Every structure is written in C-alpha cells, then in structure tokens.
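**Q** When we follow numbering that gives the first Met the number 0, the leftmost residue of the sequence shown carries the number 0, and every step to the right adds one.
Beta carbons are placed, not taken as given, at the ideal position from N, Cα and C, and that holds for glycine.
Keep in mind it's a predicted model, so treat the numbers as computed, not measured.
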Amino acid sequence: MKRILVFVLAALVSVPALFSQDRGCNWRDRIRSERVAFITDELSLSPAEAEKFWPIYNIYRDRKSEAQRNIREAYRALDEADRNGTVSEALIKDYVDAIDAKAGIETEALKEYLKVLPAEKTAKLYLAEEKFRMQQIHRLHHGPDAHRGPAPAGPERNVR
C-alpha cells in the first residue's frame, strides 16, 4: 500500500509535464519527472521518507545545477583566454574553484540525505542517479523508443 502511495505521489509530480509534452514541453521537465519516478522506485521510498527526502534532493539538485553552470562559464572564459593567448592564474583559479565548489555541494548533500534516509537507501540513491544517467545516454544514442534500461552488454563487455 505504501509503495502505491509513493507511486501516486511521483505520478502527481510528473502529470503536468506529461500533458504539456503535446504543447512543446520543456525536455528538462520530462526528464525531471522521469528521474523522480525512477529514483522513487529504485529507493523504494516510504511516503514518510519521500516527504522528507524530495525537498532536500531538489534543493541540492538545483545547487549542483548552478555549480555546473559556473564550471561551464569558467571553462569558457579559460578556453577563450587560451585561444587569445591571455590566460591568467586568476582564470585558472576560477575554474578550479568552480569544480571544488560543486564537490563541496555533494558533500553537504550527503550529510543531509543521511539525516532522512538510512545508509542503504542513500547508497541506492547514488547508484540510481548513475543508472538513470546511463539510461538517458543510451536513449540519446539509440532514440526515444530505445530500451528503457541501461545499455545492453555487448560482446566486448564482461558479463557475470
């Protein structure tokens, strides 16, 4: 019963994005909805856990996105300076500082996740995020109708 309630909550988050797809929905909204459903399923969150977890996750997801934007901006500035022959220590430092800031956000997020989830589910969160990322990459390479799971193991991969 609890799982059904969690799926209903995840569906409520994703329904607006599904209806707006027909009207040129932002692909970020669609992926965000898919991520919520995927992580909820992978972690088997109880309703109480979901209620505490998702606000924290969303805060840190937004912070990580902003940090990634800062990394891209610092990279572009460094790349442009390199092409113009005007590289400075300050530009290099800005780039490295942006990378360090993102790592610091992940460390903060871990502490907050462990306050609301047991270690096992926190570990599953990181595994689920990577699994979801790989699934999206697979879909990007093989089209939207591609297999929804991770890329199938090919002959060159070690399969147990």
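(1) Mind pulling the alpha helix (DSSP H) runs of 4 or more residues that sit fully within the segment 41-125?
(2) Tell me whether the beta-carbon of Arg66 lies closer than 8 Å to the beta-carbon of Ala89.
(3) Whole angstroms is fine: what's the gap from Asp40's alpha carbon to Glu33's?
(4) Is the CB-CB distance between Arg62 and Ile104 below 8 Å?
(5) What's the gap between the Cα of Gln134 and the Cα of Asn25?
(6) Of all the options Ile55, Val86, Asp93 and Gly84, which has the alpha carbon lying nearest to the alpha carbon of Arg68?
(7) If we call anything under 8 Å between Cβ atoms a contact, is Leu116 one with Phe52?
**A** Result, derived from the coordinates:
(1) 46-83 and 88-115
(2) By one-based count along the sequence shown, residue 66 stands at place 67. By one-based count along the sequence shown, residue 89 stands at place 90. Note that residue 66 corresponds to Ala in the displayed sequence, not to Arg. Their beta carbons are not under 8 Å apart, which means Ala66 does not touch Ala89 by this criterion.
(3) Here residue 40 refers to the residue found at position 41 of the sequence shown. Here residue 33 refers to the residue found at position 34 of the sequence shown. About 11 Å.
(4) To locate residue 62, count along the sequence shown from 1; it is residue 63. To locate residue 104, count along the sequence shown from 1; it is residue 105. Cβ atoms of Arg62 and Ile104: closer than 8 Å.
(5) Taking the first residue of the sequence shown as 1, we reach residue 134 at position 135. Taking the first residue of the sequence shown as 1, we reach residue 25 at position 26. The straight-line gap from Cα to Cα measures roughly 19 Å.
(6) On the sequence shown, residue 68 is found 69 positions in, with the first residue counted as 1. Ranking the options by Cα distance to Arg68, first place goes to Asp93.
(7) Residue mapping note: residue 116 aligns to position 117 of the sequence shown, counting from 1. Residue mapping note: residue 52 aligns to position 53 of the sequence shown, counting from 1. In contact: Leu116 and Phe52 (Cβ atoms closer than 8 Å).
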